[in-house]
Structures are given as C-alpha cells and as structure tokens.
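Start counting the sequence shown at 0; every next residue gets the next number (numbering that gives the first Met the number 0). Quick reminder that beta carbons are idealized off the backbone N, C-alpha and C, glycines included. Notes for the one structure printed next.
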Amino acid sequence: MENKVIYGLYGDDDHVLAATKKIVSKGYRVNEVYSPYPVHGLDTAMGLNYSRLAITSFMYGLLGFGLITLLMWFIMISDWPMIIGGKPNFSYGQALPAFIPVTFEATVFCAAHLMVITFLFRCGLFPGSSSRNPDPRTTDDKFLMEVSESDPKKITEIKKIMKECGAEEVNVKNSVKELMDEIDGELSKKNKVSKRRKVKKSNSSFLTNIINKIKRK
0 MENKVIYGLY GDDDHVLAAT KKIVSKGYRV NEVYSPYPVH GLDTAMGLNY
50 SRLAITSFMY GLLGFGLITL LMWFIMISDW PMIIGGKPNF SYGQALPAFI
100 PVTFEATVFC AAHLMVITFL FRCGLFPGSS SRNPDPRTTD DKFLMEVSES
150 DPKKITEIKK IMKECGAEEV NVKNSVKELM DEIDGELSKK NKVSKRRKVK
200 KSNSSFLTNI INKIKRK
C-alpha cells in the first residue's frame with residue numbers, strides 16, 4: 000500500500016507541540032515540523048536524537064591543532080629558526096609557551112568555521128540546493144507538521160488528532176511535491192489576480208485624470 004503524507008497546519012507553537020506529543024504517544028512517527036522559528040521542546044517531543052555535530056567540532060579542532068603545530072615547527076624550528084627576545088628555539092618544547100596563543104586561535108578557528116560549514120551542508124543549505132519546504136507560510140507565522148502513513152484507518156486517526164489539537168488545515172497528499180505544486184499554483188493565481196487589480200487601478204486612475212482635465216477646460 001502506497002504511503003500518504005498527512006500535513007497539519009497550525010497557527011500557534013503550543014498547538015503544534017501538543018499535537019506532536021499526542022501523535023508520537025500513539026506510536027506514529029512525525030517526519031518533520033516546519034516552523035518560522037525554533038520551538039522549545041519540539042525536538043524532544045519528536046523523539047530526535049542529540050546532534051553529533053559536537054563530535055565533528057572536536058575532530059576539526061584536532062585538525063586545526065595538528066596543522067598549526069606542524070606549520071609552526073616547520074617555520075620556527077626546522078626551516079628558518081630565529082632567536083626572538085633571547086628565547087630558546089632549539090626544539091618545539093622549549094619554544095612552546097610562545098606557540099600557545101597561536102595554537103589556541105587556530106584550533107578554535109578550524110572547529111568553529113568547519114562545523115558551521117558541515118551544519119549547512121547537512122541541512123542542504125549549500126549553493127544550488129533546492130528548497131524542500133512544502134508551504135511557504137511556515138516562513139512567516141504558520142507551523143506545518145508532516146506525518147507519513149499508508150493505512151487508511153491510521154490516516155483518519157492522525158487527521159482527527161491534528162484537528163483536536165487545533166490544526167487550521169489538514170491535507171493528505173501522495174507526496175511532498177504534490178503539496179508544493181498545489182501551493183505554488185495557488186500563489187501564482189493570487190499573484191495574477193493582484194497584478195490585474197493593479198492594472199485596473201492604474202487604468203481607472205489614468206481615465207479619472209483625463210476626465211478631470213476635460214472638466215477643467
């Protein structure tokens with residue numbers, strides 16, 4: 000049986016949080032919740048695991064530490080040793096106090112910047128990526144919950160829970176693309192209507208100006 004995608008649109012973050020908790024408690028899995036801002040407790044309600052970005056940050060920090068250590072050893076000890084302020088430079092260990100600030104800065108630099116880049120790519124926010132947001136209203140003031148299910152009885156129960164928790168709209172689609180195409184069509188129709196109204200207003204104002212000029216003459 001083909002999976003259907005159920006979407007529940009909410010106008011309040013408390014409502015979508017309550018709906019998420021109730022749906023998960025019934026044994027269903029919430030695929031995603033699209034929101035205009037982070038909702039406290041939503042990740043816990045969805046049953047999401049803790050992020051592993053901290054592990055990548057630690058690895059990038061070790062990478063920065065290793066690269067800057069190698070660079071300073073090569074420049075100051077091996078390739079072109081210099082005596083600065085009478086400080087010893089016969090080995091890396093003797094010159095270590097002078098290298099600590101640079102080592103710290105390079106470690107933090109690599110950990111922070113590379114972790115942000117990893118986060119953006121993990122979220123699909125890289126150049127040339129296409130948006131997967133099914134409803135552009137979630138970038139303003141709406142919250143959209145996405146649940147996948149194939150059993151018609153379970154779909155009916157999920158829809159009922161969504162409505163009980165304050166859903167403004169509940170839609171069942173065959174895929175994410177179907178909802179996106181439908182909303183894009185509605186938005187394009189609205190844009191066409193607004194353009195026509197603007198044209199009519201501009202034409203009527205133009206005719207009004209001509210009539211007023213004739214009356215004055």
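- Taken atom to atom, the span from the alpha-carbon of F118 to that of G63 is near 18 angstroms.
- Secondary structure at F142: strand, using DSSP grouped into helix, strand and coil.
- Residue environment for P133: buried (at least 16 other C-beta atoms within 10 angstroms of its C-beta).
- In the three-state DSSP reduction, E168 falls in the strand class (E or B).
- Its chain contains K3, I5, E148, V171 as the residues whose beta carbon lies nearer than 7 angstroms to that of I154, once the 5 sequence neighbours on both sides are disregarded; these appear in chain order.
- Beta-bridge partners assigned by DSSP to K3: E148.
- Between L47 and L16, the C-beta gap is not smaller than 7 angstroms, which leaves the two residues out of contact.
- Y9 and K141 do touch by the CB rule: their CB atoms are close to 7 angstroms apart, below 8 angstroms.
- When secondary structure is reduced to three states using DSSP, L70 falls in the helix class.
- Less than 7 angstroms separates the beta-carbon of T19 from that of M45.
- The C-beta separation of V29 from I22 comes to about 6 angstroms, placing the pair in contact by the 8 angstroms criterion.
- DSSP lists no beta-bridge partner residue for V23.
- Taking C-beta atoms as the reference points, D12 and V38 count as a pair closer than 7 angstroms.
- For V38, no beta strand (DSSP E) encloses it, and the DSSP letter there is neither H nor E.
- A distance below 8 angstroms between beta-carbons, with the five flanking residues on each side excluded, links W72 to the following residues of its chain, in chain order: Y91.
- Residue pairing from DSSP leaves L62 without any beta-bridge partner.
- Ranking E167, A97, L113 by CA distance to the CA of S56 puts L113 first.
- By the Cβ-count criterion, A166 is buried, with 16 or more other Cβ atoms from all chains shown falling within 10 Å of its own Cβ.
- Here the alpha carbon of P80 sits roughly 43 angstroms from the alpha carbon of R121.
- Rounded to the nearest whole angstrom, the C-alpha separation of P135 and L61 is 40 angstroms.
- Taking a C-beta distance under 7 angstroms as the contact criterion, V169 and G7 qualify as a contact pair.
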